[in-house]
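Residue numbers (my numbering): 5 to 80. Below: the structure, in structure tokens.
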């Protein structure tokens, strides 16, 4: 709840509309998605390949490492 309260309005509007997608091994904890959904009232889904999603995303980021090094948080 606190994370959503501290989220910029334009981003929180997207979250409210689209929901949250859980990824990684923790996403597979039985009932976690339903508990989060009940607590914050936002639709919660599991990533299609939740267990490998973090590894796949990290691999994709490493493939683009040179590009990512040129970015700064101020330019986003």
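All residues carry an ideal CB built from backbone N, CA and C; glycine is no exception. These figures come from a predicted structure and were not determined experimentally.
At a Cβ-Cβ threshold of 9 Å, residue 57 and residue 28 count as neighbours. With at least 16 other beta carbons inside 10 angstroms of its own, residue 37 counts as buried. DSSP places residue 25 in no alpha helix (DSSP H) but in the uninterrupted beta strand (DSSP E) bounded by 24-26. Take residue 15, set aside five residues on each side of it, and no residue of its chain has a beta-carbon closer than 6 Å to its own. A direct Cα-Cα distance of roughly 12 Å separates residue 72 from residue 62.
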